[in-house]
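Protein chains in written order, with the working numbering: chain A, 118 to 326; chain B, 87 to 667.
Shown next, in the form of structure tokens:
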């Protein structure tokens, strides 16, 4: 089955995870693939964890990917990246926004926020691409464009044709905010390009091991 | 031409293509998006109803009146509608009738797990189970044909994952259905009077449906490339999981799971050494297979009965491998539990209840979060509207200061008869209606208290205060839910009142479009005035946390200027921009 690409997109409610997940699925469809999109949890109240799974390939059956077979995780927040990191296969890539959003709970829990998550995961041998997306989006003029910036970084790790992304963004983003979102997308792709490339053309059999 | 649709959106599309004219429901995860998608089809009169029983009855009336009609609800919603659901099959439908039962194994947003195929079996009603978005559309349309062919109501059963996955759907066109003739006829529709003949007819119809099940195109065998000794009987989205887990097996894909094709299934079992049964929910198919006499089937003993299925779960059950572990043993992966939104008007009420330490019966809605820390001020939650009856019962058991907490939509759905009863039977407890003028938790659907209908039409606005007074309750106070002192005073008065008392704590849901669109000035802490007394933290607001200087700091992106922390600050150190001077 395995010319399927499986991506988990994770973040905190309100960050725009579901929107960029749909854009990924639509870009894959635009490129001629079958695709599915589903939320990891059935309910995503504001402030809670949100994760979507997007799968694309010639024919997708299960919308859920088996842990250990995820190709790319796109995390809009550090702790949320850590939450799903174990689902990557051994050649998988974690694209992570170094931004931290503290869970609102007892003070002691907040004190134990895993600030060193990225170093920890890199130490485990994971391929980590960390992007200061929130700061970069702020520099572009709107911190809320961080999700689109991360989507650009994700696009740099996948092999979908640029025209597919261009068409989907133009179709799905309201005209008044399209220019900002296109800039954020391009900036994310640029920042990710500084890291080693992602997935393009490996055979997957080797990866699941 | 394919479109990328959520399972629920595909169900709406299927209903539209099938020529449905009327659709009704009550919001509930994972069914809500069906009616929300139907809103956009102008040929369909689609509406939110006061509750699922009402929705079912209205769709039943539309069917009897000759048009195709759909009712959509979550699994527990069908319990509310069950009174009619169980009896409607005794009559013949006229226009096609489909009820969607959207179930939530895993209890992501529900109080229980409940496999409504058993209810359908009790009602002698056929069940269809789609496995992806395309089938959500096709089976919905097919369900209406089936309904009319057998003059029977049909259940379309989804589970959370089939309802909430987007996939590609090949669309069709709408086929208009002329309204079928309706002859008012008590012999057909007055079941309690003419029941016995209907009772016999329903068995005859079930026999015909069982014969149909043997050949229906809703079921099909998907053979492996090579002859296989392994067979898999699967339905719903679990079929898609199974296809991914068993590379080389023959599949009996059941699209119609009641009544079952006994002969075809037994033949399939005979042709294989071992047959796995993969179904989310209870052992509904498996138990029937065992009753049919199959001896080589295994299902729930291996895959389990609790929670939602996944490819990982099936694979792990087969090879015995433990699930892949997170890094949680080596590094703290903190939970991020759901909580009241920043500025949520429910907080002030639960803050008071927490301090009063009174027994609180809660209800179904966001305010169920009042059960959790930091409030822990809600002590029972069962079902829609139950809070009011439970508070009454607690009071009858001697707990005089018992309080019911219920949202506005839930009150309209299932609380009104209970309040009438509490007034009638001399209740002396307190009822707090949290009126945020929305069906909040499911995403701000309009209801009779909002002055708007599903398709945007203006509607008469239910006056909660007048309604409460009409029940005979005299102590009724309406209070601004963000006014801490007023909320405290109103609840204290209600508790001290000698008789049934109602407090309506009113304030729009922070997620309501008009709240999100408004211009607001976030509050901030004036470091010069703040003495770090910590009083503001008692707001329990997620936008307020200790800053780098050790003083409380308000996140300007999150703050919605609800002013609750400002009311707590005795120093006047929390201000909006206007007050800086």
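Don't be surprised by glycine CBs; every beta carbon is placed ideally from N, CA and C. On a predicted model such as this, the values are computed, not experimentally measured, just so you know.
Just how far apart, CA to CA, sit residue i and residue j?
{"i": "residue 503 of chain B", "j": "residue 496 of chain B", "result": "12 Å"}
{"i": "residue 275 of chain A", "j": "residue 174 of chain B", "result": "53 Å"}
{"i": "residue 349 of chain B", "j": "residue 485 of chain B", "result": "59 Å"}
{"i": "residue 473 of chain B", "j": "residue 455 of chain B", "result": "15 Å"}
{"i": "residue 141 of chain B", "j": "residue 231 of chain A", "result": "49 Å"}
{"i": "residue 180 of chain B", "j": "residue 263 of chain B", "result": "12 Å"}
{"i": "residue 321 of chain A", "j": "residue 185 of chain A", "result": "With a pLDDT of 43 at residue 321 of chain A, under the threshold of 50, the modelled position of this residue cannot be trusted; read the value that follows with caution. Cα to Cα, residue 321 of chain A sits roughly 12 Å from residue 185 of chain A."}
{"i": "residue 345 of chain B", "j": "residue 183 of chain A", "result": "33 Å"}
{"i": "residue 312 of chain B", "j": "residue 285 of chain B", "result": "48 Å"}
{"i": "residue 110 of chain B", "j": "residue 556 of chain B", "result": "28 Å"}
{"i": "residue 128 of chain A", "j": "residue 166 of chain A", "result": "6 Å"}
{"i": "residue 490 of chain B", "j": "residue 645 of chain B", "result": "30 Å"}
{"i": "residue 583 of chain B", "j": "residue 561 of chain B", "result": "8 Å"}
{"i": "residue 200 of chain A", "j": "residue 183 of chain B", "result": "44 Å"}
{"i": "residue 658 of chain B", "j": "residue 606 of chain B", "result": "19 Å"}
{"i": "residue 167 of chain B", "j": "residue 278 of chain B", "result": "18 Å"}
{"i": "residue 294 of chain B", "j": "residue 185 of chain B", "result": "21 Å"}
{"i": "residue 558 of chain B", "j": "residue 510 of chain B", "result": "8 Å"}
{"i": "residue 453 of chain B", "j": "residue 518 of chain B", "result": "12 Å"}
{"i": "residue 266 of chain A", "j": "residue 304 of chain A", "result": "6 Å"}
{"i": "residue 122 of chain B", "j": "residue 158 of chain B", "result": "11 Å"}
{"i": "residue 148 of chain A", "j": "residue 570 of chain B", "result": "55 Å"}
{"i": "residue 277 of chain A", "j": "residue 141 of chain A", "result": "9 Å"}
{"i": "residue 314 of chain B", "j": "residue 406 of chain B", "result": "22 Å"}
{"i": "residue 133 of chain B", "j": "residue 595 of chain B", "result": "22 Å"}
{"i": "residue 392 of chain B", "j": "residue 216 of chain A", "result": "36 Å"}
{"i": "residue 223 of chain A", "j": "residue 424 of chain B", "result": "Legend: pLDDT at residue 223 of chain A = 45, less than 50; position of this residue unreliable, value from coordinates given subsequently. Distance between the alpha carbons of residue 223 of chain A and residue 424 of chain B is about 14 Å."}
{"i": "residue 69 of chain B", "j": "residue 651 of chain B", "result": "Only positions 87 to 667 of chain B appear in the structure, and residue 69 of chain B is not among them; the question remains open."}
{"i": "residue 600 of chain B", "j": "residue 309 of chain A", "result": "38 Å"}
Using a Cβ cut-off of 7 Å (strictly closer), state whether residue i contacts chain A.
{"i": "residue 35 of chain B", "result": "The displayed coordinates of chain B run from 87 to 667. Any statement about residue 35 of chain B would go beyond what the structure contains."}
{"i": "residue 453 of chain B", "result": "no"}
{"i": "residue 440 of chain B", "result": "no"}
{"i": "residue 425 of chain B", "result": "yes"}
{"i": "residue 189 of chain B", "result": "no"}
{"i": "residue 326 of chain B", "result": "yes"}
{"i": "residue 422 of chain B", "result": "yes"}
{"i": "residue 119 of chain B", "result": "no"}
{"i": "residue 144 of chain B", "result": "no"}
{"i": "residue 464 of chain B", "result": "no"}
{"i": "residue 275 of chain B", "result": "no"}
{"i": "residue 344 of chain B", "result": "no"}
When the cut-off is 7 Å and only beta carbons count, does residue i lie next to chain B?
{"i": "residue 178 of chain A", "result": "yes"}
{"i": "residue 159 of chain A", "result": "Model confidence at residue 159 of chain A stands at a pLDDT of 46, short of 50, so the residue's coordinates are unreliable; what they give is reported in the following sentence. By this cut-off, residue 159 of chain A is an interface position."}
{"i": "residue 184 of chain A", "result": "yes"}
{"i": "residue 199 of chain A", "result": "yes"}
{"i": "residue 149 of chain A", "result": "no"}
{"i": "residue 114 of chain A", "result": "Because chain A spans 118 through 326 in this model, residue 114 of chain A falls outside it and cannot be assessed."}
{"i": "residue 154 of chain A", "result": "yes"}
{"i": "residue 321 of chain A", "result": "Caution applies to residue 321 of chain A, whose pLDDT of 43 falls short of 50 and renders its modelled position unreliable; the value that the coordinates give is listed next. So no, residue 321 of chain A is outside the interface."}
{"i": "residue 327 of chain A", "result": "Residue coverage of chain A in this structure runs from 118 to 326, which leaves residue 327 of chain A outside it and unanswerable."}
{"i": "residue 166 of chain A", "result": "yes"}
What does residue i pair with, by DSSP beta-bridge criteria?
{"i": "residue 564 of chain B", "result": "B/590"}
{"i": "residue 627 of chain B", "result": "Bridge partners of residue 627 of chain B: none, in fact."}
{"i": "residue 610 of chain B", "result": "B/661"}
{"i": "residue 244 of chain A", "result": "A/210"}
{"i": "residue 69 of chain B", "result": "Not covered by the structure: residue 69 of chain B. The range shown for chain B is 87 to 667."}
{"i": "residue 620 of chain B", "result": "Looking at the DSSP assignment, residue 620 of chain B forms no beta bridge with any residue, so it has no partner."}
Does any heavy atom of the ligand ZN sit closer than 6 Å to the C-beta of residue i?
{"i": "residue 292 of chain A", "result": "In the structure shown, the ligand ZN is absent, as is every other ligand, since no ligand is present at all."}
Interface positions of the segment 201 to 214 of chain A facing chain B (Cβ-Cβ less than 9 Å), listed along the chain | 201, 202, 203 and 204
Name the residues in the segment 220 to 252 of chain B whose C-beta lies less than 8 Å from a C-beta of chain A; which are they?
-> So the close ones are 246, 247, 250, 251 and 252.
Positions along the segment 378 to 399 of chain B whose CB lies within less than 7 Å of some CB in chain A = Listed in chain order, the positions of the segment 378 to 399 of chain B with a beta carbon within less than 7 Å of a beta carbon of chain A are 396, 397 and 398.
Starting from the N-terminal side, write out each stretch of the alpha helix (DSSP H) that is 4 residues or longer and does not extend beyond the segment 147 to 235 of chain B.
-> 161 to 171 and 203 to 209
Residue ranges of each alpha helix (DSSP H) within the segment 264 to 319 of chain A, 4 or longer | DSSP runs (the alpha helix (DSSP H)) wholly in the segment 264 to 319 of chain A: 279 to 289 and 292 to 310.
Which runs of the alpha helix (DSSP H) fall wholly inside the segment 330 to 393 of chain B and span at least 4 residues, in chain order?
-> 348 to 356, 370 to 378 and 386 to 389
Just list the alpha helix (DSSP H) runs in the segment 169 to 217 of chain A, keeping only unbroken ones of 4 residues or longer that don't cross its boundaries, in chain order.
-> 195 to 201
Residue ranges of each alpha helix (DSSP H) run of no fewer than 4 residues wholly in the segment 264 to 331 of chain B, ordered along the chain?
-> 272 to 275, 277 to 299 and 323 to 331
Listed from N- to C-terminal order along the chain, which residues in the segment 608 to 631 of chain B have their beta-carbon within a distance smaller than 8 Å of any beta-carbon of chain A?
-> Residues of the segment 608 to 631 of chain B with a Cβ closer than 8 Å to any Cβ of chain A, in chain order: 628 and 631.
Anything in the segment 285 to 310 of chain A with a Cβ closer than 9 Å to a Cβ of chain B? List those residues in chain order, please.
-> none
Which residues, taken in chain order from the segment 569 to 594 of chain B, show a beta carbon closer than 7 Å to some beta carbon of chain A?
-> Residues: none.
The segment 224 to 244 of chain A: positions lying closer than 7 Å to chain B by Cβ = 226, 229, 230, 231, 234 and 237
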